[in-house]
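>
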Amino acid sequence: MYAWIWRRLPGGPASRTAWLALLLAAVAVLLWLVVFPWASVHLPIDPA
Amino acid sequence: MRPYLRVTGESLVTFGVIVALFMAYMFWGTAERASDAQRRFASELGSQFASGLSLALLGRPGRLALGQPFAFIRIPSFGRHWRFAIVQGTGLSQLALGPGHVPGTQRPGQRGNFAVAGHRVTAGNPFWNVPRLRGGDLVYIDTAAGTYTYRITGRPARVPPGDTAMLAPVPGRPGERPQRRRITLITCDPAWSGTSRVVATGVLIGQAARPARAEG
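Residue numbers (this note's numbering), protein chains in the order written: chain A, 392 to 439; chain B, 44 to 259.
1. Kindly list, in the order they appear in chain A, the residues whose Cβ is closer than 8 Å to that of I61(B).
2. Taking only three categories from DSSP, how would you classify F157(B)?
3. Between the alpha carbons of A135(B) and H162(B), how many angstroms are there, rounded?
4. Pull up the distance between the alpha-carbon of W397(A) and that of P46(B), whole angstroms please.
5. Does R91(B) come out as helix, strand or coil in the three-state DSSP assignment?
6. Does DSSP put F170(B) in a helix, a strand or coil?
7. Please classify P104(B) as buried or exposed, where buried requires at least 16 other C-beta atoms within 10 Å of its C-beta.
8. By DSSP, does G102(B) sit in helix, in strand, or in coil?
9. Checking the sheet assignment: what are the DSSP bridge partners for Q131(B)?
10. When burial is assigned at 16 or more other CB atoms within 10 Å of the CB, is Y393(A) buried or exposed?
11. Quick one: Cα of R198(B) to Cα of A243(B), how far?
12. What's the call for R60(B), buried or exposed, on a 16-neighbour Cβ count within 10 Å?
13. Assuming the contact rule is C-beta atoms closer than 8 Å, I116(B) and I184(B) should be a hit. Round their C-beta distance to whole Å, please.
14. Would you kindly report the start and end of the unbroken alpha helix (DSSP H) that includes Y68(B)?
15. Please list, in chain order, the chain A residues whose beta carbon lies closer than 8 Å to that of A158(B).
16. So, are the CB atoms of L210(B) and A158(B) less than 7 Å apart?
17. Taking Cβ positions only, does T244(B) come closer than 7 Å to chain A?
18. Is Q137(B) helix, strand or coil by DSSP?
19. Any idea if G147(B) is buried or exposed, counting beta-carbon neighbours within 10 angstroms, 16 or more meaning buried?
Laid out in structure tokens, this is it:
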């Protein structure tokens with residue numbers, strides 16, 4: 392899965408590393424700002 | 044076989060990282076979200092109380108919209124600066140922003156039972172210390188009408204999650220006619236679980252009207 396992504400990133404190793412970091416950061420931001428706020432009020436963790 | 048193993052392994056590691064990130068969100072993210080909301084509520088209530096606008100809403104049950112803040116709760120034994128805005132409703136999306144008033148229970152100062160539920164953990168851990176309340180501890184509720192002082196009557200009780208009797212106008216005795224004005228604070232126990240609830244009860248011992256604002 393990660394090898395597949397790595398092969399599709401453009402440029403040399405430095406460029407690919409930068410792209411990968413950007414991609415991971417985007418996923419983390421999406422999780423933190425959208426997915427987790429939604430999940431935290433739909434999972435029964437500390438219901439009251 | 045190898046590719047399947049690799050994909051499975053990568054998926055598991057990815058899942059583990061996401062779960063770890065989610066735990067971090069539960070600790071810090073929810074606290075940040077709640078404190079942002081609390082800051083907003085505090086300024087909203089401050090101007091509302093100063094203008095006296097919400098006086099008309101008091102004593103008229105059913106008029107508060109879900110998620111609307113209408114009072115502050117202060118408990119000095121939790122710390123001198125411990126204060127949260129109470130919102131209407133106890134759904135998880137309301138409790139994510141602050142302690143919530145249980146719909147259908149009385150308003151602050153009314154005869155009967157003013158019930159407030161709050162998170163033990165997450166969302167700034169508002170009710171973390173509720174199980175440590177003791178008889179004699181004071182709870183202040185600030186509304187547009189003034190400040191109500193309740194005194195906790197004893198050690199908090201542990202009840203099953205479905206037990207709604209403690210929300211009755213006379214806690215523990217549904218259907219009975221209330222004589223006293225009470226408060227009930229509810230939170231989860233043990234922390235991080237929905238196994239049971241901890242309930243602390245108090246009675247109204249005083250109230251002070253908000254000083255009338257000079258017109259002009």
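Ideal placement from N, C-alpha and C gives every residue a C-beta, glycine not left out.
So, from the listed chains and residues:
1. Against I61(B), the close residues of chain A are L422, in the order they occur along the chain (beta-carbon pairs closer than 8 Å).
2. Three-state DSSP puts F157(B) in a strand.
3. Correcting the residue type first, residue 135(B) is Leu in the shown sequence and not Ala. Taking the straight line joining both Cα atoms gives about 9 Å.
4. Between W397(A) and P46(B), the C-alpha separation is close to 16 Å.
5. It should be pointed out that residue 91(B) corresponds to Gln in this sequence rather than to Arg. If DSSP states are grouped into helix, strand and coil, Q91(B) belongs with the helices.
6. F170(B) falls in the coil class under three-state DSSP.
7. With a pLDDT of 47 at P104(B), under the threshold of 50, the predicted position of this residue should be treated as unreliable, and no value is reported.
8. At G102(B), the pLDDT of 49 sits below 50, so the modelled position is not reliable and the matter cannot be decided from this model.
9. Answer is H144(B), bridged to Q131(B).
10. If you draw a 10 Å sphere on the C-beta of Y393(A), you find fewer than 16 other C-beta atoms in it, and that means exposed.
11. Approximately 7 Å, taken between the alpha carbons.
12. The sequence shown places Val at residue 60(B), not Arg. Around the beta-carbon of V60(B), fewer than 16 other beta-carbon atoms lie within 10 Å, marking it exposed.
13. Taking a contact as a CB-CB distance under 8 Å, the pair I116(B) and I184(B) counts as one, their CB atoms being some 6 Å apart.
14. Careful: Y68(B) lies outside any alpha helix (DSSP H) and carries neither H nor E.
15. The contact set of A158(B) on chain A, defined by CB atoms closer than 8 Å, is empty, because the minimum CB distance reaches about 11 Å.
16. Their beta carbons are under 7 Å apart, which means L210(B) touches A158(B) by this criterion.
17. It does not: the Cβ of T244(B) has no partner Cβ on chain A nearer than 7 Å.
18. For Q137(B), the three-state secondary structure derived from DSSP is helix.
19. Counting Cβ neighbours within 10 Å, G147(B) comes out exposed, since fewer than 16 surround it.
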